[in-house]
Amino acid sequence: MSGDFWPWTILHIAPTDDRKTIREAYSHLLKALDHEAETEAYMELRHARDAALSGQFLHPPSAEDEAEEDDFGLGNPLPDDAMRADDAPPPQPELEEKPAFNVEYSEDDDKRFQRVVDLFLGEGDLTPAENDELEQHIDALFADDRMGDLGHYARVEGWLAQLLADRYPRGAGLFSKVADYFHWSDRAQELGVHPAIPWLFNAHEGESLIRELNTPGHTYHREWIELTKGKPKGMLWTRGIDKPRMANLIETVRRDYPWLEQEHWQPELVARWEKAAASGGVKGPGVWTWIALAFFALSAIGRMAGGDASESDHNPAALAALQAAEADKHIAEFIDGFPKAAADGRTLATLREKSPKTYSTLQNVSTTYSGSAEPRNRIMMRELTETYYLIIDKLPYELQVADARFRAAMIKKMRENPRECAEFIRNPRTYLRQGNSVHYISPDYRYQMFSVVHDQYGDREWGLAAKDATLSGEFIGKLIKRSGVPEERLRATLRSQNAPEEDVCRTMGSLYELLTEIPAKEAGKILPAVL
């Protein structure tokens, strides 16, 4: 039975502190909405979900809360005859009226507002010229002294929030600038905030997730591409999709980012994969098909045996065996390049056993670059580096704090080049995959990456790690002192992707250093969000 008071009347469930139940109710109701055509209903549903998750609305308002209060809440009024004339308070001097900031809008203001609206109302993505023009208008609005008037400030904030939400993702590139100016990251979950603001944060997080999922090498990249671009018809078993990962991706997106399914996935293909994952696998060829394939394979082997079997070029199986042996030799040489590997018991055989995915990746690299050791070893290290940065935020605290220590040392060496330093901090996988300055990685850091991937990157399921953390005021104070970055700029660096590169390098380098010094209980809550 659903609750008879807000927000449970919107969600159609009984009051509960079970976050999963709340999210499932929200997701179920969201599927029936067209969030572009029914913006108000969508915002109301979002607002109700956020209120329910806050835990402040588990009980209906009490009778005392609803009772009519006396003026200003000063207590029950006294009887008419209870106050004598001599008990009356002495007359108070009249307070001087506080001056009001009266905002007046000129014709130029109206033209600016209308131009901003026109730019948002265009079709498709903003062109670079439109983006630059829109950014200039918003900068002018923020620099206006009239933003000191709270009424004007609130109107501009609500207006921009609604425009960004109504036309999302058009103009999404300006979200960070607007969010930083109005401090939305600190207020997104406050009750009473404009309902578009928490929706925008969720949408922005969803867009960031899409960029990650579209990056080759991401754990869920293959599954995401299958649901967005795969063929709705045809056999599923031939597509090389990991069924548990597919089920996890579908469940996660439906729970936290349901509109991504509506906008990007193919419903028919999603339904097929959902059914296949629920049944524990996908149906492959039948028994008679396999018998026929085996017959043709044996026939082919017989024909090859009747010819010149000494020539491996005419024997694909023999050629594949030779290539595999050559690849193993190259991988063993690569592992031997780490002086501590043999002493620590990390060899080709243990890599094949503990991390078959990594072994397969290195085999492919070795086969592709069989002729030259330099590019082969460089690409092998690049593949290890990418896998390492993909999983480090999901690993135990001891490995994460070790990584923070290595990153701090690496950033210290990169400070002379703030641009490269900031690029590495923002996305180390992309930065190093592009072949940038691998020499900054110390031999010990390289071996740490190999060791972690060797020991940890098995066939287990990898979830999507949360990317949010709260820094205490005491920690912020230490970070300001360590980095030398003024508080306002430091906080802007932590909130925004568009901070000055030098501030990014100094702030994050100091952050990684501090995370190796503070107690594990506190550091363990921050590390997954910053690695």
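According to this note's numbering, the stretch in the sequence shown is residues 557 to 1087, in order.
Cβ coordinates follow ideal geometry from the N, Cα and C atoms, glycine included.
None of the values given here were measured: they were computed from a predicted structure.
What does a CB cutoff of less than 8 Å around residue i pick up in its chain, not counting 5 residues either side in sequence?
i       : result
Ala728  : Leu720, Ala759, His760, Glu763
Val826  : Leu783, Ile806, Glu817
Glu1043 : Ile1032, Ile1036
Ile578  : Leu567, Ile569, Thr572, Arg605, Ala608, Leu609
For residue i, is the classification buried or exposed, using 16 other Cβ atoms within 10 angstroms of its Cβ as the cut-off for buried?
i       : result
Val1008 : buried
Met1005 : buried
Ser926  : exposed
Ala881  : exposed
Glu596  : exposed
Asn1054 : exposed
His603  : buried
Val612  : Residue 612 is actually Gln in this sequence, not Val. Looking at its Cβ environment, which holds fewer than 16 other Cβ atoms inside 10 Å, Gln612 is exposed.
Ala898  : exposed
Leu904  : buried
Trp829  : buried
Met791  : exposed
Tyr1068 : buried
Gly707  : exposed
Pro895  : exposed
Leu1083 : buried
Trp564  : buried
Asp869  : Confidence at Asp869 is low in this model, with a pLDDT of 49, below 50, so its placement is unreliable and no value can be given for it.
Gln1012 : buried
Pro800  : exposed
Pro751  : buried
Val843  : The predicted model places Val843 with a pLDDT of 49, which falls under 50 and marks its position as unreliable; any figure quoted below should be read in that light. Exposed: under 16 other Cβ atoms inside 10 Å.
Pro984  : buried
Asn770  : exposed
Thr794  : exposed
Leu918  : buried
Asp892  : exposed
Arg575  : exposed
Arg810  : buried
Tyr661  : exposed
Since residue i and residue j are thought to touch, with beta carbons under 8 Å apart, how far apart are those beta carbons, to the nearest angstrom?
i       : j       : result
Ile967  : Ile981  : 7 Å
Asp606  : Pro754  : 5 Å
Arg668  : Ala696  : 7 Å
Leu1087 : Gln956  : 6 Å
Glu779  : Met802  : 5 Å
Ala1085 : Ala1025 : 4 Å
Leu730  : Leu690  : 6 Å
His1010 : Lys1081 : The pair is not a contact, with the Cβ atoms about 28 Å apart (cut-off 8 Å).
Ala1076 : Tyr953  : 6 Å
Gln822  : Pro772  : With a Cβ gap of about 21 Å, Gln822 and Pro772 do not count as contacting.
Arg961  : Thr808  : About 31 Å; that fails the 8 Å criterion.
Please list, in chain order, all residues of the same chain as residue i whose beta carbon is under 6 Å from its beta carbon, the five residues on each side excluded.
i      : result
Phe561 : Pro616
Val672 : His693
Arg723 : Phe676
Trp740 : Ile753
Ala581 : Leu567, Ile569
Ala717 : His750, Ala752, Ile753
Within its chain, find whatever has a CB closer than 7 Å to the CB of residue i; leave out the 5 residues flanking it on each side and keep chain order.
i       : result
Ser922  : Ala883, His886, Ile887, Arg932
Glu622  : With a pLDDT of 45 at Glu622, under the threshold of 50, the modelled position of this residue cannot be trusted; read the value that follows with caution. Same-chain partners within the cutoff: there are none.
Asp935  : It is worth fixing the name first, because residue 935 is Ile in this sequence and not Asp. Contacts found: Val921, Tyr925.
Asp1000 : none
Ala876  : none
Arg1051 : Asp736, Ser741
Ser1066 : Leu1035, Arg1038, Ser1039
Tyr776  : Leu769, Arg801, Leu805
Arg963  : Tyr1068
Return yes when at least one heavy atom of the ligand NAD lies under 7 Å from the C-beta of residue i, else no.
i      : result
Ala929 : Summarising the ligand content, the structure contains no ligands, and the ligand NAD is consequently not present.
Margin query: With three or more C-beta pairs closer than 8 Å as the rule, is the region 906-918 touching the region 934-949?
Written below: Cβ pair count under 8 Å is three or more, so yes.
Check: Contact between the region 810-819 and the region 574-591: three or more CB pairs below 8 Å?
Finding: Contact between the region 810-819 and the region 574-591 is present, because at least three Cβ pairs lie under 8 Å.
Checklist line | Contact the region 684-693 vs the region 703-713: 3+ CB pairs below 8 Å | finding: No, the region 684-693 is not in contact with the region 703-713.
Note to self: Is it the case that the region 1047-1062 contacts the region 960-976, given that we only count it when at least three CB pairs across the two stretches are under 8 Å?
What the structure shows: Contact between the region 960-976 and the region 1047-1062 is present: 3 or more CB-CB pairs across the two stretches fall below 8 Å.
Next item on the list: Report yes or no: do three or more beta-carbon pairs, one from the region 944-959 and one from the region 1027-1043, lie closer than 8 Å?
Entry: The region 1027-1043 and the region 944-959 do not touch, with fewer than three beta-carbon pairs separated by less than 8 Å.
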